[in-house]
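Undergrad: Residue numbers (UniProt numbering): 1 to 731.
C-beta atoms are modelled at their ideal positions from N, C-alpha and C, and glycine is treated no differently.
Model, not experiment: these values are computed from the prediction.
Supplied in structure tokens, the structure appears directly below.
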């Protein structure tokens with residue numbers, strides 16, 4: 001398909017998606033057309049007979065004859081909206097007599113258009129080959145067999161994308177945005193919006209990742225560093241692809257490439273950007289119990305669970321006579337009749353028989369068979385090998401998504417056959433969690449209880465809401481370490497306070513996006529200042545870290561719920577201030593946090609430099625934030641700008657007497673949070689803020705930390721972060 005074909009036979013690049021057949025009808029449906037007008041044909045016909053008319057598959061077409069895909073694409077769908085009133089090129093004027101004045105072009109064979117593979121349920125297992133059910137080497141195709149129902153597995157509707165994706169065979173062809181900067185026009189609420197589609201080479205981004213971290217990936221036995229890099233880079237690429245796809249959503253003829261999570265995963269798998277490629281029973285190096293994942297592809301990339309949709313992962317293990325399948329891991333995400341209430345015991349339903357909870361296709365119900373994944377679980381019962389368990393839980397921030405929690409190692413204690421809701425036989429397996437492991441699913445169940453209880457009996461609870469209602473959500477104060485009753489008194493404020501306005505060198509009128517800023521709108525002044533991109537995805541995730549982020553502000557005409565006002569909406573996750581064992585008070589979250597999520601801003605009182613200098617070097621303030629500090633960028637892809645934060649003026653904030661939850665975040669040399677300067681449009685005044693975002697996915701009850709950076713003129717303090725990369729001190 002990449003070779004040059006006739007101009008009349010193949011529409012231009014970007015006009016349609018080659019990965020799918022839109023509407024193809026069998027040739028037997030095509031019938032000759034016998035128009036009554038004798039002047040419409042150039043062929044001589046017998047007297048009294050209706051003239052027979054033949055038309056080239058690529059046109060032009062006489063009145064009453066319609067073109068059909070894939071031989072012809074309407075020129076209306078290949079042009080910007082402002083050009084649709086013109087006569088399409090390649091199509092004759094329908095008002096003129098039809099004659100054969102064009103040669104018949106080379107038609108595109110129908111089999112050159114690939115149809116995406118249909119998803120199947122977990123009840124449709126793939127054939128057991130005697131080795132494994134998951135590919136462990138870089139492949140040109142990712143198999144999605146033995147899959148759960150899409151809405152239950154979480155992979156079909158993760159992140160709000162439902163379009164199919166092509167397999168890895170032709171990733172190179174669809175994985176790159178070709179052509180120069182394209183401009184389209186669309187209308188919203190009577191307002192003309194120019195949408196600019198940038199030329200972004202996604203394959204080059206992936207190559208940069210591989211080049212810069214060659215020794216990190218493709219390891220048979222990974223470690224925490226390689227697992228962390230694989231997950232962070234994967235989600236950064238997924239967010240970048242999401243950003244590009246959202247710009248194309250309402251552009252007629254714009255080529256869509258399917259779900260960003262699957263596309264990013266396919267690119268990574270094809271390039272070998274993964275870790276723990278060795279198949280194993282038991283724990284996976286670098287993956288910790290309690291780690292969370294928002295996409296099934298992430299489980300595959302780190303070697304935790306190979307099938308991207310299937311619920312049972314297994315491989316062949318040689319015994320004295322022959323290979324037998326043994327279960328490696330299972331995913332329980334609500335697709336089948338599993339019993340998941342007990343935090344240490346899981347009753348898992350087998351695969352097959354179309355016995356899922358979601359039988360939307362009304363498939364025939366059948367008894368499950370002792371084969372493939374079911375056979376592997378049965379063999380593991382007798383072998384008593386450890387099985388990794390991943391629990392899929394509802395994502396409260398995304399109704400159609402799942403959060404996958406690695407709950408540790410289990411053993412299968414017994415199996416039996418039961419009658420399911422459909423009346424068919426279903427295999428049941430009782431798995432019991434091994435003792436002595438860190439808590440994972442138990443923590444989630446405890447948090448659910450804390451949220452619903454009005455008078456909790458939780459040990460160490462001091463205050464149910466530290467903010468006294470100043471935030472959208474309550475922030476609990478807890479100390480289960482010692483008898484201290486709370487931090488020193490301070491006034492809780494939810495935002496930054498300027499003692500006097502700071503004037504800008506250049507005034508800003510703000511954007512005129514009355515209905516809200518839209519991705520790629522070149523008329524939006526705020527988007528222009530962000531390099532032509534809307535910095536956030538539709539669900540509020542920051543695409544990548546930048547030297548300076550421009551948000552809409554008081555001088556903009558967009559509404560408060562505009563997508564470019566994420567840091568202005570207050571807290572969106574349940575936070576908790578808690579007493580640490582060695583570092584004083586710290587901050588953590590009750591909710592799972594996605595990479596790129598906004599956490600909070602650093603609230604306090606803005607100090608001017610002269611005022612700080614007057615206080616002298618003996619002045620002690622442990623709650624000073626200096627925006628002139630430098631630290632390594634964390635939320636960027638290789639090849640992106642790594643400039644230090646670019647602030648319009650030296651911003652120094654004191655949260656000593658007045659501040660918010662950000663004042664409790666401790667330093668770490670391996671942080672899970674980064675800070676980002678955010679400038680809000682406010683006419684002639686500089687409305688600069690400091691916002692915090694998640695580097696990667698953060699499990700509940702994990703301490704939130706950021707790198708305090710380097711400020712050489714200040715005294716060093718001993719670092720107690722405990723990271724393997726600890727520098728020993730910070731400023």
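1) Looking only at its chain, what residues have a beta carbon closer than 8 Å to the beta carbon of residue 718, apart from the 5 residues adjacent to it on each side?
2) Distance check for residue 552 and residue 126, CA to CA, integer angstroms please.
3) Does the separation of the CB atoms of residue 691 and residue 595 fall below 8 Å?
4) For a minimum of 4 consecutive residues, which ranges assigned as the alpha helix (DSSP H) are wholly contained in the stretch 403-468?
5) Among 661, 688, 374, which one has its Cα closest to the Cα of residue 350?
6) Can you tell me the Cα-Cα spacing of residue 179 and residue 246, whole angstroms?
7) What whole-angstrom Cβ distance do residue 573 and residue 599 have, given they're in contact under 8 Å?
8) DSSP beta-bridge partners for residue 600?
9) Spell out a yes or no on whether the stretch 444-463 and the stretch 299-312 are touching, meaning 3 or more CB-CB pairs, one atom from each, closer than 8 Å.
10) Going by C-alpha distance, which of 680, 198, 663, 671 is nearest residue 232?
11) Does the separation of the CB atoms of residue 462 and residue 659 fall below 8 Å?
12) Measure from the alpha carbon of residue 377 to the alpha carbon of each residue in 399, 201, 413, then state which is nearest.
13) Starting from residue 730, follow its DSSP beta bridges and name the residues at the other end.
14) DSSP on residue 205, reduced to helix/strand/coil?
15) Could you give the residue range of the beta strand (DSSP E) that holds residue 304?
16) Would you call residue 667 buried or exposed, if buried means 16 or more other Cβ atoms sit within 10 Å of its Cβ?
17) Helix or strand or just coil, what does DSSP make of residue 261?
18) Nearest to residue 422 by alpha carbon, out of 648, 677, 337, 240?
19) In whole angstroms, give me the CA-to-CA distance for residue 315 and residue 387.
20) Helix, strand or coil for residue 37 per DSSP?
21) Using 10 angstroms around the beta-carbon of residue 327, count the other beta-carbons present and answer buried if the total reaches 16, otherwise exposed.
22) For the beta strand (DSSP E) that residue 348 lies in, which residues bound it at each end?
23) Please go through the stretch 508-581 and give each complete beta strand (DSSP E) segment of 3 or more residues, from N-terminal end onward.
24) Do the stretch 475-483 and the stretch 578-592 touch if we need at least three Cβ pairs shorter than 8 Å?
25) Below 8 Å on the Cβ atoms is my guess for residue 708 versus residue 673; work out the distance and round it to an integer in Å.
26) Is the Cβ of residue 673 closer than 8 Å to any Cβ of chain C?
27) Considering only C-alpha positions, which residue in the set 438, 392, 585, 396 is nearest to residue 488?
28) Quick one: is residue 697 buried, meaning 16 or more other Cβ sit within 10 Å of its Cβ, or exposed?
29) How is residue 220 classed by DSSP in three states: helix, strand or coil?
30) Excluding the 5 residues flanking residue 425 on each side, which residues of the same chain have their C-beta closer than 8 Å to its C-beta?
31) Within 10 angstroms of the Cβ of residue 329, are there 16 or more other Cβ atoms? Answer buried if so, exposed if not.
32) Between residue 227 and the rest of its own chain, which residues show a CB-CB distance below 7 Å, the 5 nearest in sequence each way excluded?
33) Between 371, 661, 398, which has its C-alpha nearest residue 427's C-alpha?
34) Output needed for residue 219: all residues of its chain with C-beta closer than 8 Å, excluding positions within five of it in sequence on either side, in chain order.
35) Would you call residue 498 buried or exposed, if buried means 16 or more other Cβ atoms sit within 10 Å of its Cβ?
36) Once you ignore the five residues that flank residue 434 on each side, which residues in its own chain have a CB closer than 6 Å to its CB?
TA: Taking the structure as given:
1) Cβ neighbours of residue 718 beyond the five flanking positions: 728, 729.
2) Low per-residue confidence applies at residue 126: pLDDT is 39, beneath 50, and the placement is therefore not dependable, though the value from the model is reported in the following sentence. When rounded, the distance between both Cα atoms is 51 Å.
3) It is not a contact, given that the beta carbons lie outside the stated cut-off.
4) Correct list: 441-452.
5) Relative to residue 350, the option among 661, 688, 374 whose CA is nearest is 374.
6) Summary for residue 179: the model assigns pLDDT 38, below 50, so the residue's position carries little reliability, and this model does not support an answer.
7) Going by Cβ atoms, the distance from residue 573 to residue 599 rounds to 7 Å, so yes, they are a contact pair.
8) Note: residue 600 is bridge-paired with 692 in the DSSP secondary-structure output.
9) In this structure the stretch 444-463 does not touch the stretch 299-312; the number of beta carbon pairs closer than 8 Å is below three.
10) Closest by alpha carbon: 671.
11) Taking 8 Å as the Cβ cut-off, residue 462 and residue 659 do not qualify as a contacting pair.
12) For residue 377, the nearest C-alpha among the options comes from 413.
13) 717, per the DSSP bridge assignment.
14) Looking at residue 205 - three-state DSSP - the assignment turns out to be helix.
15) Premise fails: residue 304 is in no beta strand (DSSP E) and is neither H nor E.
16) Residue 667 sits buried, since 16 or more C-beta atoms from the chains shown fall within 10 Å of its C-beta.
17) In the three-state DSSP reduction, residue 261 falls in the helix class (H, G or I).
18) Among 648, 677, 337, 240, the Cα nearest to that of residue 422 is on 337.
19) Each residue's alpha carbon lies about 12 Å from the other.
20) Annotation note: pLDDT 45 at residue 37 (below 50); position unreliable, coordinate value reported separately. The answer is coil: DSSP assigns residue 37 none of H, G, I, E or B.
21) It is buried - the Cβ of residue 327 has at least 16 other Cβ atoms within 10 Å.
22) It spans 345-349 - the beta strand (DSSP E) in which residue 348 sits, taken as one unbroken run.
23) The qualifying runs are 549-551, 575-579.
24) Two segments are said to touch when three or more pairs of C-beta atoms, one from each, lie closer than 8 Å; by this definition the stretch 475-483 touches the stretch 578-592.
25) Incorrect: roughly 11 Å between the Cβ atoms, too far for contact.
26) Absent here is chain C; the protein component of the structure consists of one chain.
27) Comparing Cα-Cα distances from residue 488 to each of 438, 392, 585, 396, the minimum goes to 585.
28) Here residue 697 is buried, its C-beta having at least 16 other C-beta atoms within 10 Å.
29) Residue 220 falls in the coil class under three-state DSSP.
30) Here the set comprises 353, 367, 368, 417, 418, 419.
31) Residue 329 should be labelled buried.
32) These residues qualify, in order along the chain: 275, 286, 287, 302.
33) Ranking 371, 661, 398 by Cα distance to residue 427 puts 371 first.
34) These residues qualify, in order along the chain: 226, 275, 276, 277.
35) By the 10 Å Cβ count, residue 498 comes out exposed.
36) The beta carbon of residue 434 is closer than 6 Å to those of 409 in its chain, skipping five residues each way along the sequence.
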